[in-house]
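With the working numbering applied, the sequence shown covers 1 to 258.
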Amino acid sequence: MITSTANPQVKNLIVLNKKAKARKEQGVFIAEGRKMFEEAPKEWIQKVYVSESYYAAEEHKKALADTAYEVLSDTVFKAACDTQTPQGILTVVSMPQWNERELLAKENASYLLLESIQDPGNLGTMLRTGEGAGITAIIANKTTVDLYNPKTIRSTMGSIYRVPFLVVDDLQAAIGKMQKKGIKFYAAHLKGTQMYDAPNYKTSTAFLIGNEGNGLSDEIADLADDYIKIPMEGSVESLNAAIAATILMYEVNRQRRG
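Following this line, the structure appears as C-alpha coordinates:
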(Lines of atoms letter the chains of each structure in order from A; the text may use other names.)
(Lines give C-alpha, C1' and ligand atoms only; values in the text may rest on other atoms or scores of the structure.)
Protein backbone atom coordinates (compact mmCIF):
# COMPACT_ATOMS: atom_id res chain seq x y z
CA MET A 1 0.00 0.00 0.00
CA ILE A 2 1.19 3.50 -0.84
CA THR A 3 0.97 5.75 2.22
CA SER A 4 2.81 8.90 1.14
CA THR A 5 2.02 11.67 -1.31
CA ALA A 6 5.76 11.86 -1.95
CA ASN A 7 5.52 8.55 -3.81
CA PRO A 8 6.47 9.10 -7.50
CA GLN A 9 3.28 7.42 -8.76
CA VAL A 10 1.09 9.66 -6.62
CA LYS A 11 3.03 12.74 -7.68
CA ASN A 12 2.48 11.76 -11.30
CA LEU A 13 -1.27 11.28 -10.78
CA ILE A 14 -1.52 14.80 -9.34
CA VAL A 15 0.40 16.23 -12.31
CA LEU A 16 -1.77 14.33 -14.80
CA ASN A 17 -4.90 15.76 -13.22
CA LYS A 18 -3.58 19.31 -13.37
CA LYS A 19 -1.54 19.63 -16.56
CA ALA A 20 -2.67 19.02 -20.14
CA LYS A 21 0.98 19.04 -21.25
CA ALA A 22 1.81 16.08 -18.99
CA ARG A 23 -1.22 14.16 -20.22
CA LYS A 24 -0.23 14.77 -23.83
CA GLU A 25 3.41 13.81 -23.26
CA GLN A 26 2.43 10.55 -21.56
CA GLY A 27 -0.53 9.86 -23.88
CA VAL A 28 -2.88 9.14 -20.98
CA PHE A 29 -5.72 10.67 -19.01
CA ILE A 30 -7.33 9.97 -15.64
CA ALA A 31 -10.89 8.71 -15.30
CA GLU A 32 -12.33 8.78 -11.78
CA GLY A 33 -15.09 6.55 -10.48
CA ARG A 34 -16.32 2.98 -10.74
CA LYS A 35 -18.47 3.58 -13.84
CA MET A 36 -15.54 5.05 -15.73
CA PHE A 37 -13.39 2.05 -14.77
CA GLU A 38 -16.03 -0.51 -15.75
CA GLU A 39 -16.73 1.08 -19.13
CA ALA A 40 -13.11 1.66 -20.15
CA PRO A 41 -11.96 -0.70 -22.92
CA LYS A 42 -9.61 -3.16 -21.20
CA GLU A 43 -6.84 -2.59 -23.72
CA TRP A 44 -6.90 1.15 -22.93
CA ILE A 45 -6.35 0.69 -19.19
CA GLN A 46 -2.76 1.28 -18.11
CA LYS A 47 -3.18 1.13 -14.35
CA VAL A 48 -5.83 1.44 -11.66
CA TYR A 49 -5.52 3.05 -8.25
CA VAL A 50 -7.95 2.33 -5.40
CA SER A 51 -8.36 3.65 -1.88
CA GLU A 52 -7.82 1.40 1.11
CA SER A 53 -11.50 1.53 2.10
CA TYR A 54 -12.68 0.82 -1.48
CA TYR A 55 -10.37 -2.19 -1.67
CA ALA A 56 -11.80 -3.60 1.55
CA ALA A 57 -14.98 -4.71 -0.28
CA GLU A 58 -14.69 -8.23 -1.74
CA GLU A 59 -16.70 -7.32 -4.87
CA HIS A 60 -14.23 -4.53 -5.61
CA LYS A 61 -11.27 -6.89 -5.25
CA LYS A 62 -12.88 -9.33 -7.70
CA ALA A 63 -13.50 -6.56 -10.24
CA LEU A 64 -9.79 -5.76 -10.22
CA ALA A 65 -8.77 -9.27 -11.29
CA ASP A 66 -6.47 -9.29 -14.34
CA THR A 67 -5.88 -5.53 -13.89
CA ALA A 68 -2.66 -3.83 -12.77
CA TYR A 69 -3.53 -1.83 -9.66
CA GLU A 70 -2.16 -0.14 -6.57
CA VAL A 71 -3.84 0.44 -3.22
CA LEU A 72 -3.45 3.90 -1.67
CA SER A 73 -4.28 4.96 1.87
CA ASP A 74 -7.52 6.94 1.95
CA THR A 75 -5.79 10.27 2.60
CA VAL A 76 -3.25 9.73 -0.17
CA PHE A 77 -5.98 8.62 -2.59
CA LYS A 78 -7.96 11.79 -1.92
CA ALA A 79 -4.85 13.90 -2.54
CA ALA A 80 -4.38 12.17 -5.91
CA CYS A 81 -7.95 12.89 -7.06
CA ASP A 82 -9.48 15.93 -8.74
CA THR A 83 -12.86 15.54 -7.02
CA GLN A 84 -13.70 16.61 -3.46
CA THR A 85 -15.54 13.37 -2.66
CA PRO A 86 -13.75 10.65 -4.64
CA GLN A 87 -15.43 7.29 -5.22
CA GLY A 88 -12.36 5.27 -4.30
CA ILE A 89 -11.12 4.24 -7.73
CA LEU A 90 -9.32 6.02 -10.57
CA THR A 91 -8.07 4.65 -13.84
CA VAL A 92 -5.12 5.76 -15.94
CA VAL A 93 -6.32 5.37 -19.53
CA SER A 94 -4.50 5.59 -22.86
CA MET A 95 -5.71 8.39 -25.12
CA PRO A 96 -7.70 6.91 -28.02
CA GLN A 97 -6.38 7.26 -31.56
CA TRP A 98 -9.16 7.78 -34.10
CA ASN A 99 -8.60 7.44 -37.83
CA GLU A 100 -9.53 10.73 -39.50
CA ARG A 101 -9.68 9.27 -43.00
CA GLU A 102 -12.10 6.52 -41.94
CA LEU A 103 -14.33 8.93 -40.00
CA LEU A 104 -14.64 11.34 -42.92
CA ALA A 105 -15.33 8.56 -45.40
CA LYS A 106 -18.51 7.32 -43.70
CA GLU A 107 -21.75 7.61 -45.66
CA ASN A 108 -24.61 9.78 -44.39
CA ALA A 109 -22.50 10.84 -41.43
CA SER A 110 -23.15 13.65 -38.97
CA TYR A 111 -20.49 15.78 -37.35
CA LEU A 112 -20.11 18.52 -34.78
CA LEU A 113 -17.33 21.06 -35.40
CA LEU A 114 -16.31 23.17 -32.43
CA GLU A 115 -14.56 26.51 -32.46
CA SER A 116 -12.90 27.51 -29.18
CA ILE A 117 -15.36 25.94 -26.73
CA GLN A 118 -14.00 26.89 -23.29
CA ASP A 119 -16.20 25.19 -20.70
CA PRO A 120 -15.15 21.60 -19.84
CA GLY A 121 -18.70 20.72 -18.83
CA ASN A 122 -20.05 21.91 -22.17
CA LEU A 123 -17.55 19.83 -24.11
CA GLY A 124 -18.24 16.73 -22.03
CA THR A 125 -21.98 17.19 -22.43
CA MET A 126 -21.60 17.45 -26.21
CA LEU A 127 -19.83 14.09 -26.28
CA ARG A 128 -22.46 12.50 -24.07
CA THR A 129 -25.45 13.83 -26.02
CA GLY A 130 -23.58 13.24 -29.27
CA GLU A 131 -23.40 9.55 -28.45
CA GLY A 132 -27.09 9.53 -27.57
CA ALA A 133 -28.01 11.23 -30.84
CA GLY A 134 -25.76 8.97 -32.93
CA ILE A 135 -23.15 11.53 -34.02
CA THR A 136 -20.32 10.17 -36.21
CA ALA A 137 -17.54 12.30 -34.73
CA ILE A 138 -16.74 15.60 -33.02
CA ILE A 139 -13.97 17.78 -34.45
CA ALA A 140 -12.45 20.72 -32.57
CA ASN A 141 -9.84 23.39 -33.13
CA LYS A 142 -6.74 23.66 -30.94
CA THR A 143 -8.13 26.48 -28.81
CA THR A 144 -11.05 24.35 -27.61
CA VAL A 145 -10.67 23.24 -23.98
CA ASP A 146 -8.67 20.04 -23.48
CA LEU A 147 -10.88 16.98 -23.96
CA TYR A 148 -8.91 15.17 -21.26
CA ASN A 149 -9.47 17.80 -18.59
CA PRO A 150 -10.80 15.87 -15.55
CA LYS A 151 -14.03 17.93 -15.53
CA THR A 152 -14.62 17.14 -19.22
CA ILE A 153 -14.01 13.44 -18.62
CA ARG A 154 -16.57 13.37 -15.80
CA SER A 155 -19.13 15.22 -17.92
CA THR A 156 -18.88 12.63 -20.71
CA MET A 157 -20.19 9.91 -18.36
CA GLY A 158 -18.25 7.29 -20.32
CA SER A 159 -18.90 8.62 -23.84
CA ILE A 160 -15.21 9.58 -24.01
CA TYR A 161 -14.56 5.89 -24.76
CA ARG A 162 -16.99 5.66 -27.65
CA VAL A 163 -17.36 9.01 -29.46
CA PRO A 164 -14.58 9.70 -31.98
CA PHE A 165 -12.94 13.06 -31.32
CA LEU A 166 -10.38 14.85 -33.48
CA VAL A 167 -8.38 18.02 -32.84
CA VAL A 168 -7.27 19.82 -36.01
CA ASP A 169 -4.57 22.46 -36.49
CA ASP A 170 -6.60 24.40 -39.08
CA LEU A 171 -10.39 24.33 -38.71
CA GLN A 172 -10.95 26.25 -41.96
CA ALA A 173 -8.88 23.72 -43.91
CA ALA A 174 -10.72 20.84 -42.25
CA ILE A 175 -14.09 22.31 -43.24
CA GLY A 176 -12.93 22.81 -46.83
CA LYS A 177 -11.71 19.22 -47.04
CA MET A 178 -15.02 17.92 -45.69
CA GLN A 179 -17.06 20.07 -48.08
CA LYS A 180 -15.15 18.56 -51.00
CA LYS A 181 -16.44 15.19 -49.80
CA GLY A 182 -20.01 16.47 -50.11
CA ILE A 183 -20.60 17.17 -46.41
CA LYS A 184 -22.95 20.13 -45.96
CA PHE A 185 -22.25 22.63 -43.19
CA TYR A 186 -24.79 24.51 -41.09
CA ALA A 187 -24.16 27.30 -38.61
CA ALA A 188 -26.64 28.24 -35.92
CA HIS A 189 -26.34 32.00 -36.40
CA LEU A 190 -28.16 35.24 -35.69
CA LYS A 191 -28.18 35.87 -39.46
CA GLY A 192 -30.13 32.65 -39.98
CA THR A 193 -33.54 33.03 -41.63
CA GLN A 194 -34.62 29.39 -41.81
CA MET A 195 -35.49 27.38 -38.72
CA TYR A 196 -33.11 24.64 -37.65
CA ASP A 197 -35.60 21.89 -38.55
CA ALA A 198 -36.17 23.12 -42.15
CA PRO A 199 -33.12 21.65 -43.98
CA ASN A 200 -32.85 18.02 -44.99
CA TYR A 201 -30.20 16.40 -42.81
CA LYS A 202 -30.49 12.87 -44.22
CA THR A 203 -27.23 13.14 -46.14
CA SER A 204 -23.81 13.87 -44.59
CA THR A 205 -24.21 16.90 -42.33
CA ALA A 206 -22.02 19.00 -40.06
CA PHE A 207 -22.91 21.68 -37.52
CA LEU A 208 -20.63 24.55 -36.52
CA ILE A 209 -20.72 25.50 -32.84
CA GLY A 210 -18.84 28.55 -31.57
CA ASN A 211 -17.34 29.89 -28.37
CA GLU A 212 -19.78 30.34 -25.47
CA GLY A 213 -19.22 34.08 -25.18
CA ASN A 214 -18.46 35.16 -28.74
CA GLY A 215 -20.11 32.55 -30.92
CA LEU A 216 -18.52 31.61 -34.23
CA SER A 217 -15.85 33.83 -35.74
CA ASP A 218 -16.81 35.44 -39.04
CA GLU A 219 -14.10 33.41 -40.80
CA ILE A 220 -15.65 30.11 -39.73
CA ALA A 221 -19.31 31.17 -39.96
CA ASP A 222 -18.78 32.36 -43.53
CA LEU A 223 -17.78 28.83 -44.55
CA ALA A 224 -21.24 27.43 -43.71
CA ASP A 225 -23.42 26.34 -46.61
CA ASP A 226 -26.46 27.67 -44.73
CA TYR A 227 -27.29 29.63 -41.61
CA ILE A 228 -30.04 28.24 -39.42
CA LYS A 229 -31.73 29.55 -36.31
CA ILE A 230 -33.20 28.06 -33.18
CA PRO A 231 -36.38 29.89 -32.13
CA MET A 232 -36.16 32.00 -28.96
CA GLU A 233 -39.22 32.96 -26.98
CA GLY A 234 -39.36 35.57 -24.25
CA SER A 235 -36.26 37.68 -23.70
CA VAL A 236 -33.73 34.89 -24.28
CA GLU A 237 -31.06 35.90 -26.80
CA SER A 238 -29.06 32.69 -27.05
CA LEU A 239 -28.74 29.16 -25.73
CA ASN A 240 -25.92 27.40 -23.93
CA ALA A 241 -23.56 25.97 -26.59
CA ALA A 242 -24.08 22.37 -25.47
CA ILE A 243 -27.87 22.79 -25.48
CA ALA A 244 -27.84 24.27 -28.99
CA ALA A 245 -25.63 21.42 -30.21
CA THR A 246 -27.98 18.88 -28.61
CA ILE A 247 -31.04 20.34 -30.35
CA LEU A 248 -29.30 20.17 -33.73
CA MET A 249 -27.89 16.67 -33.28
CA TYR A 250 -31.26 15.29 -32.20
CA GLU A 251 -32.98 16.93 -35.17
CA VAL A 252 -30.68 14.86 -37.40
CA ASN A 253 -31.63 11.80 -35.37
CA ARG A 254 -35.36 12.61 -35.70
CA GLN A 255 -35.20 13.07 -39.46
CA ARG A 256 -33.27 9.87 -39.98
CA ARG A 257 -35.76 7.91 -37.91
CA GLY A 258 -38.66 9.33 -39.99
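Beta carbons are placed, not taken as given, at the ideal position from N, Cα and C, and that holds for glycine.
Start and end residues, alpha helix (DSSP H) containing residue i
i      : result
Gln26  : Ala20 to Gln26
Ala79  : Asp74 to Ala80
Lys151 : Pro150 to Thr156
Ala221 : Asp218 to Ala221
Pro96  : Per DSSP, Pro96 belongs to no alpha helix (DSSP H) and is neither H nor E.
Pro120 : Pro120 to Ala133
Residues bridged to residue i (per DSSP)
i      : result
Leu90  : Glu32 and Tyr49
Ile228 : Ala188 and Gln194
Tyr69  : Val48
Ile274 : Here the chain comprises residues numbered 1 to 258, so residue 274 is not present and cannot be evaluated.
Gly215 : Asn211
Whole-angstrom distance between residue j and residue i, CA atom to CA atom
i      : j      : result
Lys184 : Gln84  : 44 Å
Glu251 : Asp197 : 7 Å
Ala68  : Tyr49  : 9 Å
Leu171 : Leu112 : 12 Å
Asp263 : Ile89  : Any property of residue 263 remains undetermined from this structure, which presents the chain solely from 1 to 258.
Gly176 : Ser73  : 53 Å
Asp260 : Gly158 : With the chain covering 1 to 258 only, the question about residue 260 has no answer from this structure.
Trp98  : Gln255 : 27 Å
Glu115 : Asn141 : 6 Å
Gln9   : Ala22  : 13 Å
Leu216 : Ala63  : 45 Å
Glu219 : Ala173 : 11 Å
Val145 : Asp119 : 7 Å
Leu104 : Ser110 : 10 Å
Thr5   : Ala56  : 21 Å
Glu32  : Gln194 : 43 Å
Pro96  : Gly258 : 33 Å
Met126 : Thr152 : 10 Å
Ala241 : Gly27  : 28 Å
Lys180 : Thr203 : 14 Å
Gly121 : Ser155 : 6 Å
Leu208 : Glu233 : 23 Å
Thr3   : Lys106 : 50 Å
Asn149 : Thr129 : 18 Å
Val143 : Leu239 : One detail in the question is off: residue 143 reads as Thr in this sequence, not Val. One C-alpha to the other measures close to 21 Å.
Collapsed DSSP secondary structure at residue i in the structure displayed
i      : result
Ala56  : coil
Ala6   : coil
Leu166 : strand
Val15  : helix
Ile183 : coil
Asn292 : Residue 292 falls outside the range modelled here, since the chain spans only 1 to 258, and no answer is possible.
Gly234 : coil
Gly258 : coil
Glu107 : coil
Ala40  : coil
Gln84  : coil
Leu248 : helix
Lys202 : coil
Met178 : helix
Leu171 : helix
Opening and closing residue of the beta strand (DSSP E) in which residue i lies
i      : result
Thr205 : Thr205 to Ile209
is_contact[residue i, chain C] using C-beta, thresh 8 Å
i      : result
Leu248 : Going by chain labels, chain C is absent from the structure shown, which holds only one protein chain.
Distance cut-off 7 Å: residue i Cβ against heavy atoms of the ligand SAH
i      : result
Tyr148 : In the structure shown, the ligand SAH is absent, as is every other ligand, since no ligand is present at all.
Is it a yes or a no for the region 216-223 touching the region 231-251, going by three-plus beta-carbon pairs under 8 Å? no
Touch test, the region 12-27 against the region 89-99, Cβ-Cβ under 8 Å, three pairs minimum: yes
Are at least three pairs of beta-carbons, each pair with one atom in the region 148-164 and one in the region 31-42, less than 8 Å apart? yes
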